[in-house]
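Undergrad:
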Amino acid sequence: MIEDARFLREGFVPHEVVHRDPEVEHLSGVLDPVTRGEPAETALLTGPSGVGKTCIAKFTTDRLREERLDIETLYVNCWQNYSAYRTLYRILEGLGGNLDIHRQSTPRDELIERLRNYTGEHCVLVLDEVDQLQGKRILYDLHEFSQFSMVLIANSENELFADTDARLTSRLRGSERVHFDRYGLDALVAIMAQRVDKGLAPDTIDPSFLETIADEAAGDARFALSILRSAAQAADRDGADAITDERIMNAIPQAREAVRQKSLETLTPHQRAIYDIIEEAGTIEPPDLYDAYRDRVDDAKTDRTVRNYLSKMEQYNLIDAEGTSRDRIYQLARAQ
DNA sequence: GTTCCACTGGAAGACTAGGTTT
DNA sequence: AAACCTAGTCTTCCAGTGGAAC
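For what it's worth, the working numbering labels the leading residue of the first sequence as 5, then goes sequentially.
Shown next, in the form of structure tokens:
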């Protein structure tokens, strides 16, 4: 059933991209000066999740590396490395310049100085989920360094600029925008067909089933591929020689649950307690939530910290917060 | 319409963990 | 061993907001 699992993996970057030619051309154009040894404008890739922003950024920078030997490219996920320090550390690590940096006791400014003094090959930095980065000041610094060109990826421009000071905002306003819209049905089907073609044995899935999946995924390729993967895995496990529509129907909630489970695993025990309280209550008002939390755990954190936890869980799409003031109500996030 | 006040979330500083230097 | 770093977490304080009560 599964002939080459690589093509079904999350994060796989195909050799040919489907349905994103204009975006690839646009980004290639922005990065073109790099091939002449000049710094490029900062590119800003925006759009909802699962529309191929990361994939296109990787694809385009990979092609750049194929073209030229003297270009370095580096990918850093700012969600996983959300502090300025960690992001800088990853960049230095990628450039091979962190050999003598001690995990602590080397101040952030020192890391920035290292990058300022970097004299290696021109480097294209891809900073993914950059709206999650605390301390966006480093973008300002990196923007100044002519050895680096930046590709910034964010869900929305507004979220990126929400907590940024005016000076940085005005710099980044001048970036070259590449906006990604949700995939249409045909595009999603084409993307899946490409993976099916290379990853699965012939005739294992009826093409019309791909439309079912695409319909369910509502323009989100990551989610569509996750459904496909889940269905293929189940069929493979059972030794079946085809993916039935029943398997696909089962795979949909499984894929959804997998996303939630992954987010839940990142929570600390205190955060998990808060999540459980909200789950049990259905909907809950802040004072009741704080009280219940204090009852449930030993050495409870302050309300302010609980609010920080809550906004983090909201970002992870685990809970919804409705109302901005006295009408605030917390509840679990509705599915997608 | 006006006032009240519960709630949010920013800012600054204290505290902690974990590392290096002397 | 002690002194000294730093990043990251948490607390304290508080201004702003907007729904609710009057």
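Cβ atoms here follow ideal geometry from the backbone N, Cα and C, with glycine treated the same way.
Within 8 Å, do at least three Cβ pairs link the stretch 13 to 21 to the stretch 52 to 63?
TA: Touching, per the Cβ criterion.
Undergrad: By Cβ distance below 7 Å, which residues in the same chain neighbour residue 310 in space, the five residues on each side in sequence not counted?
TA: These residues qualify, in order along the chain: 278, 294 and 297.
Undergrad: If we call anything under 8 Å between Cβ atoms a contact, is residue 155 one with residue 189?
TA: No.
Undergrad: Assuming residue 27 and residue 182 form a contact by the criterion Cβ under 8 Å, report the distance between their Cβ atoms to the nearest whole angstrom.
TA: That pair is a contact at about 6 Å.
Undergrad: Return the first residue and the last residue of the beta strand (DSSP E) that residue 182 is part of.
TA: Note, residue 182: beta strand (DSSP E), 180 to 183.
Undergrad: So, at 6 Å on beta carbons, what are the nonlocal neighbours of residue 300 in its own chain, with the 5 sequence-adjacent residues on each side left out?
TA: The answer, listed in chain order, is 277.
Undergrad: Give a yes or no on whether the C-beta atoms belonging to residue 125 and residue 66 are separated by under 8 Å.
TA: No, these two residues do not count as a Cβ contact at 8 Å.
Undergrad: Within 10 angstroms of its Cβ, does residue 100 collect 16 or more other Cβ (buried), or is it exposed?
TA: Exposed, since its Cβ has fewer than 16 Cβ neighbours within 10 Å.
Undergrad: Which runs of the alpha helix (DSSP H) at least 4 residues long sit entirely within the stretch 284 to 334? Give them in chain order.
TA: For the stretch 284 to 334, whole alpha helix (DSSP H) runs of length 4 or above, ordered along the chain, are 290 to 300 and 307 to 319.
Undergrad: Relative to the C-alpha of residue 151, which candidate in 132, 78, 89 and 197 has its C-alpha closest?
TA: Comparing Cα positions, the closest option is 78.
Undergrad: Assuming residue 213 contacts residue 252 under a Cβ cut-off of 8 Å, what Cβ separation, rounded to an integer in Å, is found between them?
TA: With a Cβ gap of about 6 Å, residue 213 and residue 252 count as contacting.
Undergrad: Roughly how many angstroms lie between the CA atoms of residue 351 and residue 36, to the nearest whole one?
TA: For residue 351 there is no data in the structure shown, the boundaries of the chain being 5 and 340.
Undergrad: Rounded C-beta distance between residue 184 and residue 55? I'm assuming under 8 Å.
TA: The pair is a contact, with the Cβ atoms about 4 Å apart (cut-off 8 Å).
Undergrad: Hey, is the stretch 223 to 238 in contact with the stretch 188 to 202, meaning 3+ C-beta pairs nearer than 8 Å?
TA: Output reads yes: the stretch 188 to 202 touches the stretch 223 to 238.
Undergrad: Let me know the alpha helix (DSSP H) ranges lying completely inside the stretch 165 to 227, each 4 residues or longer, listed in chain order.
TA: Qualifying alpha helix (DSSP H) stretches, in chain order: 170 to 177, 189 to 203 and 211 to 221.
Undergrad: Since residue 7 contacts residue 204 with CB under 8 Å, what's their CB separation in whole angstroms?
TA: Yes, residue 7 and residue 204 are in contact; Cβ-Cβ is about 6 Å, under 8 Å.
Undergrad: Confirm, please, whether the CB-CB distance from residue 313 to residue 265 is below 8 Å.
TA: No, the pair does not count as a contact, with Cβ atoms beyond the cut-off.
Undergrad: Which two residues bound the contiguous beta strand (DSSP E) that contains residue 132?
TA: Taken as a continuous stretch (DSSP letters only), the beta strand (DSSP E) holding residue 132 covers 126 to 132.
Undergrad: Between which residues of its own chain and residue 89 is the CB-CB distance below 6 Å, once the five residues before and five after are set aside?
TA: The answer, listed in chain order, is 112.
Undergrad: Check for me: the alpha helix (DSSP H) holding residue 3 runs from which residue to which?
TA: The structure shown does not extend to residue 3, since the chain is modelled only from 5 through 340, so no value can be given for it.
Undergrad: Helix, strand or coil, according to DSSP, for residue 11 in the structure here?
TA: Correct three-state label for residue 11: helix.
Undergrad: Distance check for residue 177 and residue 144, CA to CA, integer angstroms please.
TA: Taking the straight line joining both Cα atoms gives about 12 Å.
Undergrad: For residue 221, does the count of other Cβ atoms within 10 angstroms reach 16, so buried, or fall short, so exposed?
TA: Burial call: buried.
Undergrad: Our contact map puts residue 38 next to residue 45 with C-beta atoms below 8 Å; I'd like the distance itself, whole angstroms only.
TA: About 10 Å; that fails the 8 Å criterion.
Undergrad: Taking residue 211 as the reference, which of 187, 246, 234 and 305 has the closest Cα?
TA: Of the candidates 187, 246, 234 and 305, the one whose C-alpha sits nearest the C-alpha of residue 211 is 246.
Undergrad: For residue 76, which three-state DSSP category applies?
TA: Of the three classes helix, strand and coil, the one that applies to residue 76 here is strand, per DSSP.
Undergrad: Please report the straight-line C-alpha distance between residue 305 and residue 258, rounded to a whole angstrom.
TA: Computed Cα separation, rounded: 34 Å.
Undergrad: What are the boundary residues of the beta strand (DSSP E) that residue 50 is part of?
TA: 47 to 50 is the span of the beta strand (DSSP E), which, as asked, contains residue 50.
Undergrad: Since residue 152 sits in a beta bridge, which residues does DSSP pair it with?
TA: 127, per the DSSP bridge assignment.
Undergrad: Since residue 345 and residue 5 are thought to touch, with beta carbons under 8 Å apart, how far apart are those beta carbons, to the nearest angstrom?
TA: Not covered by the structure: residue 345. The range shown for the chain is 5 to 340.
Undergrad: Going by the beta-carbon positions, is the gap between residue 338 and residue 290 smaller than 8 Å?
TA: Against a cut-off of 8 Å, the Cβ pair of residue 290 and residue 338 comes out as no contact.
Undergrad: Using the DSSP secondary-structure output, state which residues sit across from residue 159 in a beta bridge.
TA: Looking at the DSSP assignment, residue 159 forms no beta bridge with any residue, so it has no partner.
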